[in-house]
Amino acid sequence: MNPVLILDFGGQYNQLIARRIRNLGYYCELVPYTVSLDEILEKNPKGIIFTGGPNSVYDIDSPKISMKIFDLNIPILGICYGAQLICHSLGGVVERADKPEYGVSNITLKDNVLFKKIESLNSCLMSHTDSIKSLPEGFKEIASTKGCKFSAIANDDKKIYGVQFHPEVELTPFGVDMLLNFLSDICKIPKNWNPADFIESKLQNIKKVAGDKKVICALSGGVDSSVAATIVHKAIGDNLTCIFVDHGLLRKDEAEMVEKIFRDRFKIRLIKIDAQERFLSKLEGVIDPEKKRKIIGEEFIRVFEEEASKLGDISFLVQGTIYADVIESGTKTSSVIKSHHNVGGLPEKMNFKLIEPLRELFKDEVRNVGLELGLP
374 MNPVLILDFG GQYNQLIARR IRNLGYYCEL VPYTVSLDEI LEKNPKGIIF
424 TGGPNSVYDI DSPKISMKIF DLNIPILGIC YGAQLICHSL GGVVERADKP
474 EYGVSNITLK DNVLFKKIES LNSCLMSHTD SIKSLPEGFK EIASTKGCKF
524 SAIANDDKKI YGVQFHPEVE LTPFGVDMLL NFLSDICKIP KNWNPADFIE
574 SKLQNIKKVA GDKKVICALS GGVDSSVAAT IVHKAIGDNL TCIFVDHGLL
624 RKDEAEMVEK IFRDRFKIRL IKIDAQERFL SKLEGVIDPE KKRKIIGEEF
674 IRVFEEEASK LGDISFLVQG TIYADVIESG TKTSSVIKSH HNVGGLPEKM
724 NFKLIEPLRE LFKDEVRNVG LELGLP
């Protein structure tokens with residue numbers, strides 16, 4: 374599947390860009406700006422987006438990209454810092470703005486394929502300290518605000534575009550339409566992303582990887598593990614065994630609900646472990662939330678190990694890793710908000726190979742796949 378490739382320069386809305394594109398029906402991947410040219414070519418993207426970011430392009434240590442990316446004949450859209458980077462890299466001038474713009478601004482859009490079927494008088498969210506002062510050769514202005522002459526720029530011949538505003542946020546009402554124009558009219562990508570197609574391709578992949586081997590899943594009853602378990606069971610049937618640990622911290626009647634849905638309705642092999650006293654005794658007197666999470670995670674691993682060892686030869690472990698986890702673990706700039714309660718550490722301790730059927734999906738996409746699979 375040929376993705377739209379989103380190069381992440383550290384902006385606060387970067388995952389939102391990816392979610393907007395996925396919601397429009399196009400497959401995209403968010404990767405660090407440090408991705409090599411060879412890696413880009415290997416993915417064979419049909420469009421590239423440079424995101425926003427907190428840096429100034431004229432600083433020596435600011436994020437940069439290879440100039441060869443502009444010679445790949447792949448349409449490029451730069452957003453905020455991304456637009457400034459395009460301009461700076463190709464010979465234009467970016468300087469500190471006379472008056473920085475923060476908040477909603479009135480914007481005038483000119484006739485261009487990027488703004489096809491969009492009203493010329495509109496509003497947008499601006500958030501910038503720097504501004505483009507002069508354009509590279511071959512570029513033209515296609516939008517402006519009172520405080521920013523080059524609010525959007527275009528080189529139609531090379532299919533390179535830049536916008537100073539943020540099209541991914543709701544405060545830019547025409548932003549989603551603009552992204553759609555870029556994808557459909559400039560990149561000319563057919564829609565290639567929906568839950569049904571994802572499930573079908575994932576089922577084939579799981580069958581190929583797992584074969585007739587035995588697989589286990591730590592089923593918590595949460596969205597991610599529930600959808601992961603259901604899709605794997607649909608692929609390999611009774612070769613999947615789910616282990617559900619009741620640690621005493623569930624919502625009222627949740628344990629019974631999990632049993633009813635997965636054992637009775639979906640006919641999944643389910644082992645339920647009543648470990649309430651074990652967990653609550655370990656947590657007694659502990660106040661700090663992060664310490665609680667670490668205790669719960671460690672104890673969960675111990676219980677899971679004990680039960681998994683009784684099942685004999687197990688080859689694979691299912692984990693409900695989602696795309697946000699992949700992005701956060703893959704970037705050096707993200708800060709840890711809290712530790713995950715997932716089964717981190719299990720693969721190294723137990724020598725399982727991983728099956729992570731949801732690692733390409735955002736949370737809302739996981740829910741949509743779950744609905745498609747028949748989960749309540």
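Sequence positions in the sequence shown follow my numbering and run 374 to 749.
Here a beta-carbon is modelled for each residue, glycine too, at the ideal position from N, C-alpha and C.
From a predicted model like this one, the values you see are computed outputs, not experimental measurements.
Please determine, among the options, the residue with the shortest C-alpha to C-alpha distance to residue i.
i	options	result
residue 619	696, 415, 672 and 408	672
residue 484	494, 477, 522 and 476	494
residue 740	596, 427 and 733	596
residue 529	537, 570 and 449	449
residue 440	460, 453, 428 and 429	460
residue 562	417, 725, 745 and 408	417
residue 429	405, 419, 579 and 382	382
residue 379	579, 556 and 651	556
residue 668	400, 638 and 652	652
residue 499	486, 513 and 479	479
residue 486	399, 525 and 414	525
residue 622	682, 688 and 647	647
residue 566	598, 515, 398 and 748	398
Out of curiosity, what's the CA-to-CA distance linking residue i and residue j?
i	j	result
residue 641	residue 517	58 angstroms
residue 550	residue 727	39 angstroms
residue 560	residue 543	23 angstroms
residue 317	residue 481	Since the first and last residues shown for the chain are 374 and 749, residue 317 lies out of range.
residue 490	residue 554	9 angstroms
residue 732	residue 471	44 angstroms
residue 676	residue 615	13 angstroms
residue 411	residue 442	10 angstroms
residue 593	residue 432	47 angstroms
residue 679	residue 631	21 angstroms
residue 552	residue 692	33 angstroms
residue 715	residue 730	Since pLDDT at residue 715 reaches only 49, below the 50 mark, its modelled position is unreliable, and the value read off the structure follows with that caveat. Rounded to whole angstroms, residue 715 to residue 730 spans 15 angstroms at the Cα level.
residue 583	residue 685	16 angstroms
residue 659	residue 697	29 angstroms
residue 527	residue 734	32 angstroms
Pull up the CB-CB distance for residue i and residue j, whole angstroms please, since I reckon it's below 8 angstroms.
i	j	result
residue 488	residue 455	The pair is not a contact, with the Cβ atoms about 18 angstroms apart (cut-off 8 angstroms).
residue 451	residue 384	About 11 angstroms separates the two Cβ atoms, so there is no contact after all.
residue 505	residue 457	6 angstroms
residue 533	residue 742	The pair is not a contact, with the Cβ atoms about 35 angstroms apart (cut-off 8 angstroms).
residue 510	residue 393	Contact doesn't hold; Cβ gap of about 31 angstroms is too wide.
residue 539	residue 386	6 angstroms
residue 603	residue 746	5 angstroms
May I ask you to report which of helix, strand or coil DSSP gives residue i?
i	result
residue 339	There is no way to answer for residue 339, as the model of the chain reaches only from 374 to 749.
residue 681	helix
residue 642	strand
residue 739	helix
residue 623	coil
residue 478	strand
residue 710	In this prediction, residue 710 has a pLDDT of 35, which is less than 50 and means its spatial position is unreliable; nothing more can be read from the coordinates.
residue 471	strand
residue 514	strand
residue 434	coil
residue 631	helix
residue 321	The requested residue 321 is not part of the displayed model; the chain covers only 374 to 749.
residue 387	helix
residue 534	strand
residue 403	strand
The beta strand (DSSP E) that contains residue i, what's its start and end?
i	result
residue 616	613-619
residue 501	494-507
residue 379	377-381
residue 464	Run containing residue 464: none; DSSP gives neither H nor E here.
Would you give the residue range spanned by the alpha helix (DSSP H) that residue i belongs to?
i	result
residue 408	It is not in any alpha helix (DSSP H) - residue 408 carries neither H nor E in the DSSP assignment.
residue 607	596-609
Quick one: is residue i near chain B, going by C-beta distance under 7 angstroms?
i	result
residue 654	Note that chain B does not occur in the displayed structure, where there is just one protein chain.
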